[in-house]
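Note sheet for the following structure.
Protein chains: 2
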Amino acid sequence: MATSSNRVGQKDFDDWLDSRRQAHAFEIRRVPFSELDGWHFEGRTGNLAHRSGRFFRVEGLRVRILDGQGTQWHQPVIVQPEVGILGILMKRFNGEPHFLMQAKMEPGNPNLLQLSPTVQATRSNYMRVHKGADVRYLDYFRGARRGKVIADVLQSEHGWWFYRKRNRNIILETEDDVPEHEDFCWLTLDQINELMRRDNLVNMDSRTVLANLPAATVRPRGSGSADPFIRAIMASRDPLAGSLSTTPALLSWIVSQRSEPVVETARVGLRGLPGWYQTPDEIAREDRRHFRIVGVKVRADNREVTSWSQPLLEPMGVGIAAFIVKEFGGVLHVLVHSKIEGGFLDTIELGPTVQCRPGNYDEADAPLFLDYILAAGKSRIRFEAVHSEEGGRFLHAQSRYLVVEADDTLTGKIPDEYTWITLWQMADLLRHGGYLQVQARVLIACMNGLG
Amino acid sequence: MATSSNRVGQKDFDDWLDSRRQAHAFEIRRVPFSELDGWHFEGRTGNLAHRSGRFFRVEGLRVRILDGQGTQWHQPVIVQPEVGILGILMKRFNGEPHFLMQAKMEPGNPNLLQLSPTVQATRSNYMRVHKGADVRYLDYFRGARRGKVIADVLQSEHGWWFYRKRNRNIILETEDDVPEHEDFCWLTLDQINELMRRDNLVNMDSRTVLANLPAATVRPRGSGSADPFIRAIMASRDPLAGSLSTTPALLSWIVSQRSEPVVETARVGLRGLPGWYQTPDEIAREDRRHFRIVGVKVRADNREVTSWSQPLLEPMGVGIAAFIVKEFGGVLHVLVHSKIEGGFLDTIELGPTVQCRPGNYDEADAPLFLDYILAAGKSRIRFEAVHSEEGGRFLHAQSRYLVVEADDTLTGKIPDEYTWITLWQMADLLRHGGYLQVQARVLIACMNGLG
Chain Z
1 MATSSNRVGQ KDFDDWLDSR RQAHAFEIRR VPFSELDGWH FEGRTGNLAH RSGRFFRVEG
61 LRVRILDGQG TQWHQPVIVQ PEVGILGILM KRFNGEPHFL MQAKMEPGNP NLLQLSPTVQ
121 ATRSNYMRVH KGADVRYLDY FRGARRGKVI ADVLQSEHGW WFYRKRNRNI ILETEDDVPE
181 HEDFCWLTLD QINELMRRDN LVNMDSRTVL ANLPAATVRP RGSGSADPFI RAIMASRDPL
241 AGSLSTTPAL LSWIVSQRSE PVVETARVGL RGLPGWYQTP DEIAREDRRH FRIVGVKVRA
301 DNREVTSWSQ PLLEPMGVGI AAFIVKEFGG VLHVLVHSKI EGGFLDTIEL GPTVQCRPGN
361 YDEADAPLFL DYILAAGKSR IRFEAVHSEE GGRFLHAQSR YLVVEADDTL TGKIPDEYTW
421 ITLWQMADLL RHGGYLQVQA RVLIACMNGL G
Chain C
1001 MATSSNRVGQ KDFDDWLDSR RQAHAFEIRR VPFSELDGWH FEGRTGNLAH RSGRFFRVEG
1061 LRVRILDGQG TQWHQPVIVQ PEVGILGILM KRFNGEPHFL MQAKMEPGNP NLLQLSPTVQ
1121 ATRSNYMRVH KGADVRYLDY FRGARRGKVI ADVLQSEHGW WFYRKRNRNI ILETEDDVPE
1181 HEDFCWLTLD QINELMRRDN LVNMDSRTVL ANLPAATVRP RGSGSADPFI RAIMASRDPL
1241 AGSLSTTPAL LSWIVSQRSE PVVETARVGL RGLPGWYQTP DEIAREDRRH FRIVGVKVRA
1301 DNREVTSWSQ PLLEPMGVGI AAFIVKEFGG VLHVLVHSKI EGGFLDTIEL GPTVQCRPGN
1361 YDEADAPLFL DYILAAGKSR IRFEAVHSEE GGRFLHAQSR YLVVEADDTL TGKIPDEYTW
1421 ITLWQMADLL RHGGYLQVQA RVLIACMNGL G
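Just so you know, the protein sequences line up as chains Z and C, in that order. Residues in the first sequence are numbered from 1 upward in steps of one, following this note's numbering. Residues in the second sequence are numbered from 1001 upward in steps of one, following this note's numbering.
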């Protein structure tokens, strides 16, 4: 390592990441389902499961929206009824918080190796179902704590792809002398914010954990800035700044969105799922939209076990997830969308202004504000990067994450399922699980580097 | 009415309630299931449902706790996948908040008529499935609001008896001249607190809504009191008072309780439910513990419709729900219990220190702290009253609600699934649904009158 304690400058970081890439040989190969070791389609239901009964399963899901219009669909869904741990250790060096990040391979990552949290482990992982090595630094996050809790909250994962999956997002500040493994490195929030602007580098688990940083910990860098946009962001992180909705009114709006319509889901068999077909290599929709299920074989030497095979969910095309932001009374507000996703535990969570895979819609059905986002000039795009979702479950699931500043053409009535909310209000909601879904949290983490 | 605006003194209140009882003739009669108009046992599953497909259903539920010990049970459960409205209108007369309460009959109430919220309506009610009269004052709580939101939150109902049932608990302050119907009456919080000490008078829906009053609205009556208990309660409502756990540590503890074990539930048919039997008159457990399902016919002339029949859930015996409270550093703390109930949406919610029906346990399995509660001397019982649960679904479901001050014998280690929490921390959690279950909320409402 370039410095003691694995703290690195930008150049050193790139060298370190290269060294990690070179130190480990990875190989990913698509295979038919029949070549997935330990996986099989169960007799009666046709669900795809592991012989151990653990890890995860691919089942069928029927979703009915009781909205009087008979809205209903079927889809495969990943079922994993256990809470994983996503934990980042934080430690101050010379007073400045550093975060212990890990160079970690996941088979579904477009570039395989990305920066993950200190600990990223399903319960199956750390209960050692696959008889692999111990999970490093897990002790900090389980049992008797050795540190101060900065954040600890159950947050949902992708509601379109997972059935009621939640992970425990933890940030823990320690004063210990933490023993450092060569795959781990301490980074400042500034460094992470810079890396977040690179495509496919900071993995999804890191992004969701970092979204839970309290507003006060996200350092106000733009203090005294002449840029009104930066000043509006800083005001937006201030609990005393004026917001368009008071917090009681905001909570009341969320409750009204959550109360109707009723969303009724039923887990059904994967076999014969209406609208989907199955071949030896894939389970896909008849119109080939949305996503498909495929199989891969993995060989790696720095994982808990050195080779395995598994199903992955592969989305069709690159997605878009975007916040529209706008300053009201000197305070930046974000336009969030109350979203129904079939796999949510509760009816709705708040999501990006726009979230979709544009190729999956006929033009007439395009989501609201999509055209507005796509037409935005460069000067209004305050953040842009392509990030991929959880590479342990999703194959090349890339989305373009955007923060777009509204211009004066965005007037007119905002539909009732959208609302304007400040960064402080979002941070306040994030102390509790179930309010902000994963793509919204990623955008919040992206905004940590603004202002 | 004795005064203008239906505001009444205590004597007037009793006269008014008597007049309401006399004005309406009610008749409740137990009947076999075959005499329930519109209800039938469905073919394949044996579930008990209404021919309209609405109101509610009685189904079977299988609950598995994945705790390594194979804990599992079956039970009937009430399924009602819609969010009802429990709304109380608040209005200031001469500056003092008054709450608009309704004298309302429910067939399961031991004394039939109790005080309910201004609006107590399932979605089926207000969408007028049963073609009854309009629900009075509903407009205040649906659609365009005519008032200021004091509280608006989705709270769970009984997790042992309902499957994932939640109601919207709303308190709305209005400045309107509210037209008054003779079944309604404005009461101050002091008056309600006094009535809460009478047995079976303030109904469950009123109690759960009143639990959501912000701490600041619960008037500090004991200001300057010499009684250290009263002073400790007042300190407990102060956001700045010292608590044994900081709020981040408290939230982290809740997350840890919620993360393990996994609770897996499956809705199964009522027919052939293991451990239960069915006769023409009841569905009950083979050991006749816990509860049974029965049928009643109702005749009333002040309800939306004047007669109907329905199933009700009848618990076996009178329950106990108790908080143990204790002062630490001059601040009262409440000992809450992290409870798994099969019908919760999430794994756990916080409940009373003790909640059970004593007759339903062998002595060796008695809940922790039950003996401690039962042995408490009169001077340590700070609140005591018998209240019944939701009379629209539960028949004579009475529980003794107790607030017991700990003495010095309560030392020793508190098990990990219990924690001490202040009244302010509870009020803070109550702004969000899913943290405090219904019996805990009732006890919080009972404590509104202390200190």
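Each residue gets a CB set at the ideal place from its N, CA and C atoms; glycine is no exception. These numbers were taken from a predicted model, which means no experiment stands behind them.
Note to self: Quick check: the segment 1368–1379 of chain C against the segment 1079–1088 of chain C, are at least 3 beta-carbon pairs closer than 8 Å?
What the structure shows: No: the two stretches stay apart, fewer than three of their Cβ pairs being nearer than 8 Å.
Notebook entry, point to check: Met316 (chain Z) bridges to which residues according to DSSP?
Noted result: Your numbering for residue 316 (chain Z) matches position 316 in the first sequence. According to DSSP, which records beta bridges pairwise, Met316 (chain Z) is partnered with nothing at all.
Check: Do Leu1263 (chain C) and Leu1436 (chain C) have their C-beta atoms within less than 9 Å of each other?
Finding: Along the second sequence, read from residue 1 onward, the residue named residue 1263 (chain C) stands at position 263. Along the second sequence, read from residue 1 onward, the residue named residue 1436 (chain C) stands at position 436. Per the sequence shown, residue 1263 (chain C) should be read as Val rather than Leu. It is not a contact, given that the beta carbons lie outside the stated cut-off.
Item checked: Same chain only: Cβ atoms within 8 Å of Asp1205 (chain C), ignoring 5 sequence neighbours per side -> Position 205 of the second sequence, counted from the first residue, corresponds to residue 1205 (chain C). Excluding positions up to five away in sequence, the list reads Leu1086, Ser1116, Pro1117, Gln1120, Asn1167 and Glu1390.
Note to self: Please give the ranges of any beta strand (DSSP E) in the segment 7–87 of chain Z, keeping only runs that are unbroken, at least 3 residues long and fully inside the region.
What the structure shows: 27–31, 39–41, 48–50, 57–66 and 72–79
Next item on the list: Run through the segment 1217–1275 of chain C for me and flag every whole alpha helix (DSSP H) of 4 or more residues, listed as ranges in chain order.
Entry: 1228–1236 and 1247–1259
Check: What residues from the segment 337–350 of chain Z come within 8 Å of chain A, judged by C-beta to C-beta, listed N to C?
Finding: Absent here is chain A; the protein component of the structure consists of chains Z and C.
Notebook entry, point to check: Is the CB-CB distance between Tyr418 (chain Z) and Thr353 (chain Z) below 9 Å?
Noted result: The residue given as residue 418 (chain Z) occupies position 418 in the first sequence. The residue given as residue 353 (chain Z) occupies position 353 in the first sequence. In this structure, Thr353 (chain Z) lies closer than 9 Å to Tyr418 (chain Z) by Cβ.
Item checked: Any chain Z beta carbon closer than 9 Å to Ile1150 (chain C) -> Residue 1150 (chain C) sits at position 150 when you count from the first residue of the second sequence. With 9 Å as the cut-off, Ile1150 (chain C) counts as an interface residue toward chain Z.
Margin query: Measuring straight from C-alpha to C-alpha, what distance separates Glu1384 (chain C) and Asp1416 (chain C)?
Written below: Against the second sequence, residue 1384 (chain C) aligns to sequence position 384. Against the second sequence, residue 1416 (chain C) aligns to sequence position 416. Approximately 27 Å, taken between the alpha carbons.
Notebook entry, point to check: What are the boundary residues of the alpha helix (DSSP H) that Gln1191 (chain C) is part of?
Noted result: Numbered from its first residue, the second sequence carries residue 1191 (chain C) at position 191. Here the alpha helix (DSSP H) through Gln1191 (chain C) covers Leu1189 to Leu1195.
Item checked: Enclosing beta strand (DSSP E) for Arg123 (chain Z) [first to last residue] -> As a first step, residue 123 (chain Z) must be located in the first sequence, where it is residue number 123. First-last for Arg123 (chain Z): Arg123 to Tyr126, but that is the alpha helix (DSSP H), not the beta strand (DSSP E).
Margin query: For a quick check, are the C-beta atoms of Leu1345 (chain C) and Arg1164 (chain C) less than 9 Å apart?
Written below: On the second sequence, residue 1345 (chain C) is found 345 positions in, with the first residue counted as 1. On the second sequence, residue 1164 (chain C) is found 164 positions in, with the first residue counted as 1. Taking 9 Å as the Cβ cut-off, Leu1345 (chain C) and Arg1164 (chain C) qualify as a contacting pair.
Margin query: Would Ile1269 (chain C) pass as an interface residue toward chain Z - the criterion being a Cβ-Cβ separation below 9 Å?
Written below: On the second sequence, residue 1269 (chain C) is found 269 positions in, with the first residue counted as 1. A small fix is needed here, since residue 1269 (chain C) is Gly in this sequence, not Ile. By this cut-off, Gly1269 (chain C) is not an interface position.
Item checked: Exposure of Pro107 (chain Z), with buried meaning 16 or more beta-carbon neighbours within 10 Å -> As a position in the first sequence, residue 107 (chain Z) is number 107, starting the count at 1. Pro107 (chain Z) comes out buried.
Checklist line | Same chain, Cβ closer than 7 Å to Ile1340 (chain C), neighbours up to 5 away in sequence not counted | finding: Numbered from 1 along the second sequence, position 340 holds the residue referred to as residue 1340 (chain C). Once the five neighbours on either side are set aside, the close Cβ partners of Ile1340 (chain C) are Ile1065, Val1263, Thr1347 and Ile1348.
Item checked: Residue nearest to Glu1327 (chain C) in terms of C-alpha spacing, selected from C:Ala1406, C:Thr1247 and C:Arg1431 -> For the purposes of this step, residue 1327 (chain C) is taken as residue 327 along the second sequence, with counting starting at 1. Answer by Cα proximity: C:Ala1406.
Notebook entry, point to check: So who's on the other strand from Gln1120 (chain C), going by DSSP bridges?
Noted result: One-based indexing of the second sequence puts residue 1120 (chain C) at position 120. Its beta-bridge partners are C:Leu1086.
Note to self: What does the alpha-carbon distance come out to for the pair Arg271 (chain Z) and Tyr137 (chain Z)?
What the structure shows: Residue numbering aside, residue 271 (chain Z) sits at position 271 when the first sequence is read from its first letter. Residue numbering aside, residue 137 (chain Z) sits at position 137 when the first sequence is read from its first letter. Spanning the two alpha carbons is a distance of roughly 41 Å.
Check: Does any CB atom of chain Z fall closer than 9 Å to the CB of Ser1124 (chain C)?
Finding: As a first step, residue 1124 (chain C) must be located in the second sequence, where it is residue number 124. Output row for Ser1124 (chain C): interface = no.
Note to self: Here's the rule: buried if 16 or more other CB atoms are within 10 angstroms of the residue's CB, otherwise exposed. What is Met1127 (chain C)?
What the structure shows: Taking the first residue of the second sequence as 1, we reach residue 1127 (chain C) at position 127. Its Cβ having fewer than 16 others within 10 Å, Met1127 (chain C) is exposed.
Notebook entry, point to check: Hey, does Arg1393 (chain C) have any beta-carbon neighbour from chain Z nearer than 9 Å?
Noted result: Along the second sequence, read from residue 1 onward, the residue named residue 1393 (chain C) stands at position 393. Not one chain Z Cβ lies under 9 Å of Arg1393 (chain C).
Next item on the list: Give a yes or no on whether 9 Å exceeds the smallest Cβ distance from Pro415 (chain Z) to chain C.
Entry: As a working note, residue 415 (chain Z) is residue 415 in the first sequence. Chain C contact via Cβ: absent.
Next item on the list: Spell out the partners DSSP gives Trp420 (chain Z) in its beta bridges.
Entry: Start at 1 with the first residue of the first sequence, and residue 420 (chain Z) comes out as number 420. Per DSSP, the beta bridge partners of Trp420 (chain Z) are Z:Leu335.
Note to self: Give me the chain C residues within the contact set of His432 (chain Z), using Cβ-Cβ distance strictly less than 8 Å, ordered along the chain.
What the structure shows: The residue you call residue 432 (chain Z) lines up with position 432 of the first sequence. Correct list: Leu1251 and His1432.
Notebook entry, point to check: Would you say the segment 1394–1405 of chain C touches the segment 1310–1329 of chain C, given that touching needs at least three Cβ pairs under 8 Å?
Noted result: yes
Checklist line | Coarse secondary structure for Ala211 (chain Z), derived from DSSP in three states | finding: As a first step, residue 211 (chain Z) is located in the first sequence; it is residue number 211 there, counting from the start. Helix.
Notebook entry, point to check: Which residues, in order along the segment 233–248 of chain Z, keep a beta-carbon less than 7 Å from a beta-carbon of chain C?
Noted result: Within the segment 233–248 of chain Z, the residues whose Cβ lies closer than 7 Å to any Cβ of chain C are, in chain order, Pro248.
Check: In whole angstroms, what separates the C-alpha of Ala1103 (chain C) from that of Ser1388 (chain C)?
Finding: Position 103 of the second sequence, counted from the start, is the residue given in the question as residue 1103 (chain C). Position 388 of the second sequence, counted from the start, is the residue given in the question as residue 1388 (chain C). Rounded to the nearest angstrom, the two C-alpha atoms are 15 Å apart.
Next item on the list: Could you tell me which of C:Gly1317, C:Ser1019, C:His1024 and C:Ser1034 sits nearest to Thr1306 (chain C), measuring between CA atoms?
Entry: On the second sequence, position 306 is the one that residue 1306 (chain C) refers to. Nearest of C:Gly1317, C:Ser1019, C:His1024 and C:Ser1034 to Thr1306 (chain C), Cα basis: C:His1024.
Margin query: Taking CB distances under 9 Å as the criterion, tell me whether Val1255 (chain C) reaches chain Z.
Written below: Here residue 1255 (chain C) is taken as the residue at index 255 of the second sequence, counted from 1. Yes, its Cβ sits closer than 9 Å to a Cβ of chain Z.
Check: DSSP three-state call for Val1325 (chain C): helix, strand or coil?
Finding: For the purposes of this step, residue 1325 (chain C) is taken as the residue at position 325 of the second sequence. Val1325 (chain C) falls in the strand class under three-state DSSP.
Note to self: Just verifying my parser: in three-state terms, what is the DSSP assignment at Leu430 (chain Z)?
What the structure shows: Start at 1 with the first residue of the first sequence, and residue 430 (chain Z) comes out as number 430. Leu430 (chain Z): helix per DSSP, three-state reduction.
Notebook entry, point to check: Is the Cβ-Cβ distance between Asp1037 (chain C) and Ser1309 (chain C) less than 9 Å?
Noted result: Locating residue 1037 (chain C) in the second sequence gives position 37, counting from the first residue. Locating residue 1309 (chain C) in the second sequence gives position 309, counting from the first residue. One thing to note: Asp1037 (chain C) has its Cβ within 9 Å of the Cβ of Ser1309 (chain C).
Checklist line | Selection from Z:Asn203, Z:Thr247 and Z:Pro179 that minimises the alpha carbon distance to Leu443 (chain Z) | finding: As a first step, residue 443 (chain Z) is located in the first sequence; it is residue number 443 there, counting from the start. That would be Z:Asn203, whose Cα lies nearest to the Cα of Leu443 (chain Z).
Check: Based on the DSSP secondary-structure assignment, which residues constitute the bridge partners of Gln1102 (chain C)?
Finding: Along the second sequence, read from residue 1 onward, the residue named residue 1102 (chain C) stands at position 102. BP columns for Gln1102 (chain C) point to C:Ser1116 and C:Phe1184.
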